[in-house]
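Read through the structure below, which is laid out as structure tokens, and then see the notes.
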Amino acid sequence: MSDVERPEARPYRSTSGVEIRSVYGPEATASIEHASAIGAPGEYPYTRGIHPQGYRARPWTMRQYAGFGSAEETNRRFRYLLDHGQTGLSVAFDLPTQIGYDSDDPMARGEVGRVGVPIDSIEDMELLLDGIDLGAVSTSMTISATAAILLALYEVVARRRGTDPRLLRGTIQNDILKEYIARGTYIFPPTASMRLVTDTFAYCRTELPAWNTISISGYHMREAGSTAVQEIAFTVANAIAYCEAALAAGLAFDEFAPRLSFFFAAHNDLLEEVAKFRAARRVWAEVARDRFGATNPRSMAMRFHVQTGGSTLTAQQPDVNVVRTTVQALAAVLGGAQSLHTNALDEALGLPTPESARLALRTQQVLASESGVSASVDPLGGSYHVEALTDELVRAARAELDAIDERGGPLAALADGYQQDAIADAAYEQQRGLESGERIIVGVNAFTEGSQDAAPATQAIDPELEATQVARTQALRAGRDAAAADAALAALEAAAAGTDNVLPRIRACVEASITVGEIAHALRRVWGEHRP
54 MSDVERPEAR PYRSTSGVEI RSVYGPEATA SIEHASAIGA PGEYPYTRGI HPQGYRARPW
114 TMRQYAGFGS AEETNRRFRY LLDHGQTGLS VAFDLPTQIG YDSDDPMARG EVGRVGVPID
174 SIEDMELLLD GIDLGAVSTS MTISATAAIL LALYEVVARR RGTDPRLLRG TIQNDILKEY
234 IARGTYIFPP TASMRLVTDT FAYCRTELPA WNTISISGYH MREAGSTAVQ EIAFTVANAI
294 AYCEAALAAG LAFDEFAPRL SFFFAAHNDL LEEVAKFRAA RRVWAEVARD RFGATNPRSM
354 AMRFHVQTGG STLTAQQPDV NVVRTTVQAL AAVLGGAQSL HTNALDEALG LPTPESARLA
414 LRTQQVLASE SGVSASVDPL GGSYHVEALT DELVRAARAE LDAIDERGGP LAALADGYQQ
474 DAIADAAYEQ QRGLESGERI IVGVNAFTEG SQDAAPATQA IDPELEATQV ARTQALRAGR
534 DAAAADAALA ALEAAAAGTD NVLPRIRACV EASITVGEIA HALRRVWGEH RP
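See below:
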């Protein structure tokens, strides 16, 4: 069949619904803002990256996420990953820790150590970090509702070892708004939660100045079904809410904004994902400068971590997940991420084994050492396709931000369910496309031969670990100075009921061997719990 006889190609849209042309040329970018908006790497509006030399000056941090069973088991996994070339720690906490319950609480039964490591006390944190130089390693802690408590535990361990807290490097997620929107591990009402966030900003400004006080997360919204455009817009909207709360608390924007960090997902639409990261940097730079009056370049430069998309992985033909993860990791690197976690092939089935976790890390190492993609900054910059798509995502994200402003801002829109409903609609469209065959997932609704192969073994959790953890927590309470513990808790409740920063009181509680659950319950008594 000749070219003139070929049927017209079917229309193609990106996962955000952007129509993709079959061919892009100079006309694709001639009438849009890209010429002034691309800029140079390391310069406003940071479309091409936040560092002039990209990965030549410093490679991205390979930060594999781990946590399961017990503090001792997770410590062994951390050491294994560090020995195999990981360059930063990333801690997964179990569900009770995330929502402020100790392992011996009836609410925690059956969940201890299942989706992360249980951390009830300073003793657990010491075991988790045993043998790890906290002055030399960067640690990310994926936790929001109890982030301030876990940060205090980390700081106290460092102090006890003689490490200057001013040298500690790492990140707490501390992003409570996305919990109300997409994930659900909140404790307190939004107003109290926002106070805890801003108290953490203020505390770290003086006590832990090298620490990233928040990782504003689009990842969980994307995993819940949002489009790439919604991921950008809703993440930046949440950042705006945090900044406004910090300003209202008396902090100056250029004092706290350089320590803000962001967290995005990487999914399978390679070029849209690259464009998404470039667009997100531009949108944030505009917001920081034009809405908040930033003058410090570091306040305008969006730093972000990327994790490959857990929701894209399949239980069918799990070996194919290695290919998906490689495409997603490539998007993150081409998009200029500062750190990256690559999921393991077996994570649709259970916790990854050491072998599958090592293969996930090797994926990053091949990209860094063999692919050549890190040799130049923003290697896809100037592509007619990528530049046009970047500008389209910027425009669409701005429109979403305008819609949120029209509803009274991020918190008012959240209270009305705007973001939640938009994500639900997008998830429905994705599922509809899957069921109709418009959207192909290899091994699920196409190319299914081999989909029923035996699943690989996943990481087993010893059921006895829960009993051991419960016994340790109860022994800690029995052996501590009860009067000192009572006094520390009373001081915390007084601070929570007033206007004093609660972080120094939380630290005093940790030093008195008060548990995560006890601290959270003290704050519950003052602030109450959120009931949607």
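Residue 54 is where the sequence shown starts when you use the working numbering, and the numbers rise one by one after that. Glycine residues also receive a C-beta, built at the ideal position from the N, C-alpha and C atoms.
Check your understanding: Around the C-beta of residue 217, are 16 or more other C-beta atoms found within 10 angstroms, so that it is buried, or is it exposed?
Key -> Indexing the sequence shown from 1 puts residue 217 at position 164. The residue in question, residue 217, is exposed, as its Cβ has fewer than 16 Cβ neighbours within 10 Å.
Point to revise | Nearest to residue 315 (by Cα), restricted to the options 148, 308, 336, 304 | key: On the sequence shown, position 262 is the one that residue 315 refers to. Residue 336 is the option with its Cα nearest to residue 315.
Point to revise | Among 222, 362, 357, 572, the one whose alpha carbon lies nearest that of residue 288 | key: Along the sequence shown, read from residue 1 onward, the residue named residue 288 stands at position 235. The option with the nearest alpha carbon to residue 288 is 357.
Check your understanding: According to the neighbour-count rule (16 or more other Cβ atoms, all chains shown, within 10 Å of its Cβ), is residue 322 buried or exposed?
Key -> Sequence index remark: in the sequence shown, residue 322 carries index 269 (1-based). By the 10 Å Cβ count, residue 322 comes out buried.
Review point. What is the DSSP secondary structure of residue 201, reduced to helix, strand or coil?
Key: Your numbering for residue 201 matches position 148 in the sequence shown. Of the three classes helix, strand and coil, the one that applies to residue 201 here is helix, per DSSP.
Point to revise | Three-state secondary structure assigned by DSSP to residue 353 | key: Working through the sequence shown from its first residue, we reach residue 353 at position 300. The answer is helix: DSSP assigns residue 353 an H, G or I state.
Review point. Can you name the residues that DSSP bridges to residue 361?
Key: For this step, residue 361 is matched to residue 308 along the sequence shown. Residue 361 is bridged to 319.
Check your understanding: Any idea what DSSP makes of residue 152, helix, strand or coil?
Key -> Taking the first residue of the sequence shown as position 1, residue 152 is located at position 99. In the structure shown, residue 152 sits in coil (DSSP, three-state: anything other than H, G, I, E or B).
Point to revise | Counted within 10 angstroms of its Cβ, other Cβ atoms place residue 326 as buried (16 or more) or exposed | key: To locate residue 326, count along the sequence shown from 1; it is residue 273. Buried is the call here.
Review point. Measuring CA to CA, which of 521, 328, 188 is closest to residue 101?
Key: The sequence position of residue 101 within the sequence shown is 48, counting from 1. Considering only alpha carbons, the answer is 328.
Review point. Starting from residue 251 and walking both ways along the alpha helix (DSSP H), at which residues does that stretch end?
Key: Within the sequence shown, numbered from 1, the residue matching residue 251 stands at position 198. From DSSP, the alpha helix (DSSP H) with residue 251 extends over 243 to 260.
Check your understanding: Do the CB positions of residue 565 and residue 544 come within less than 7 Å of each other?
Key -> Taking the sequence shown and counting its residues from 1, one reaches residue 565 at position 512. Taking the sequence shown and counting its residues from 1, one reaches residue 544 at position 491. No; because the gap between Cβ atoms is not below 7 Å, this pair is not in contact.
Exercise for review: For the alpha helix (DSSP H) containing residue 435, list its first residue and its last residue.
Suggested key: Position 382 of the sequence shown holds residue 435. Note, residue 435: premise wrong, no alpha helix (DSSP H); not H, not E.
Review point. Nearest-angstrom Cα distance between residue 108 and residue 333?
Key: Here residue 108 is taken as the residue at index 55 of the sequence shown, counted from 1. Here residue 333 is taken as the residue at index 280 of the sequence shown, counted from 1. Using only the alpha carbons, I get a separation of about 19 Å.
Check your understanding: Which value, in whole angstroms, describes the spacing of the CA atoms of residue 282 and residue 536?
Key -> Sequence index remark: in the sequence shown, residue 282 carries index 229 (1-based). Sequence index remark: in the sequence shown, residue 536 carries index 483 (1-based). Approximately 53 Å, taken between the alpha carbons.
Exercise for review: For residue 184, count neighbouring C-beta atoms within 10 Å of its own C-beta (all shown protein chains included) and say buried if the count is 16 or more, exposed if not.
Suggested key: Residue mapping note: residue 184 aligns to position 131 of the sequence shown, counting from 1. By the neighbour-count rule (16 or more Cβ atoms within 10 Å), residue 184 is not buried but exposed.
Exercise for review: Name the one or two DSSP bridge partners that residue 264 has.
Suggested key: As a position in the sequence shown, residue 264 is number 211, starting the count at 1. Looking at the DSSP assignment, residue 264 forms a beta bridge with 223.
**Study point:** Burial state of residue 419, where buried means 16 or more other Cβ atoms lie within 10 Å
**Key:** For the purposes of this step, residue 419 is taken as the residue at position 366 of the sequence shown. Result: exposed.
**Study point:** Rounded C-alpha distance that separates residue 154 from residue 176
**Key:** As a first step, residue 154 is located in the sequence shown; it is residue number 101 there, counting from the start. As a first step, residue 176 is located in the sequence shown; it is residue number 123 there, counting from the start. Their Cα atoms are separated by approximately 16 Å.
Review point. Below 7 Å between beta carbons: does that hold for residue 587 and residue 113?
Key: Since the displayed the chain opens at 54 and closes at 585, residue 587 lies outside it and no answer follows.
Point to revise | DSSP state of residue 196 mapped onto helix, strand, coil | key: Residue mapping note: residue 196 aligns to position 143 of the sequence shown, counting from 1. Residue 196 falls in the coil class under three-state DSSP.
Check your understanding: What are the start and end residues of each continuous beta strand (DSSP E) run of 3 or more residues lying completely inside the stretch 454 to 478, in chain order?
Key -> none
**Study point:** Host alpha helix (DSSP H) of residue 380 (start-end)
**Key:** If you number the sequence shown from 1, residue 380 lands on position 327. Where residue 380 is concerned, the enclosing alpha helix (DSSP H) stretches over 373 to 387.
Point to revise | Start-to-end residues for the alpha helix (DSSP H) that takes in residue 512 | key: Locating residue 512 in the sequence shown gives position 459, where the first residue counts as 1. Per DSSP, residue 512 belongs to no alpha helix (DSSP H) and is neither H nor E.
Review point. By how many angstroms is the C-alpha of residue 318 removed from the C-alpha of residue 203?
Key: The residue labelled residue 203 in the question sits at position 150 within the sequence shown. The residue labelled residue 318 in the question sits at position 265 within the sequence shown. In a straight line, the C-alpha of residue 203 is about 24 Å away from that of residue 318.
Check your understanding: Using 8 Å as the Cβ pair cut-off and three pairs as the minimum, do the stretch 253 to 266 and the stretch 209 to 225 touch?
Key -> yes
Review point. In terms of alpha-carbon separation, which member of 578, 514, 214, 520 lies closest to residue 167?
Key: By 1-based counting over the sequence shown, the position of residue 167 is 114. The candidate whose alpha carbon is nearest that of residue 167 is 514.
Check your understanding: How many Å lie between residue 352 and residue 309 at the Cα?
Key -> The count along the sequence shown starts at 1 and reaches residue 352 at position 299. The count along the sequence shown starts at 1 and reaches residue 309 at position 256. Rounded to whole angstroms, residue 352 to residue 309 spans 8 Å at the Cα level.
Review point. Using the rule of at least 16 other Cβ atoms within 10 Å of the residue's Cβ for burial, across every protein chain shown, is residue 451 buried or exposed?
Key: For the purposes of this step, residue 451 is taken as the residue at position 398 of the sequence shown. Classification for residue 451: buried.
Practice item. Can you give me the start and stop residues for the alpha helix (DSSP H) that residue 542 sits inside? Key: As a first step, residue 542 must be located in the sequence shown, where it is residue number 489. Per DSSP, residue 542 belongs to the alpha helix (DSSP H) from 535 to 550.
Check your understanding: Three-state secondary structure (DSSP) at residue 73?
Key -> Against the sequence shown, residue 73 aligns to sequence position 20. Note: residue 73 maps to strand in three-state DSSP.
Review point. Is residue 394 helix, strand or coil by DSSP?
Key: Walking along the sequence shown from the start, residue 394 turns up at place 341. Residue state, collapsed to three classes: strand.
Review point. Who does residue 119 pair with in a DSSP beta bridge?
Key: Along the sequence shown, one-based indexing puts residue 119 at 66. Residue 119 is bridged to 144.
Review point. Which whole runs of the beta strand (DSSP E) in the stretch 269 to 338 are 3 residues long or more, in chain order?
Key: 313 to 319
Review point. Residue range of the alpha helix (DSSP H) that residue 27 falls in?
Key: As shown, the chain starts at 54 and ends at 585. That puts residue 27 outside it, with no answer to give.
Point to revise | Cβ pair residue 165, residue 519 closer than 7 Å | key: Within the sequence shown, residue 165 is the residue found at index 112, counting from 1. Within the sequence shown, residue 519 is the residue found at index 466, counting from 1. In contact: residue 165 and residue 519 (Cβ atoms closer than 7 Å).
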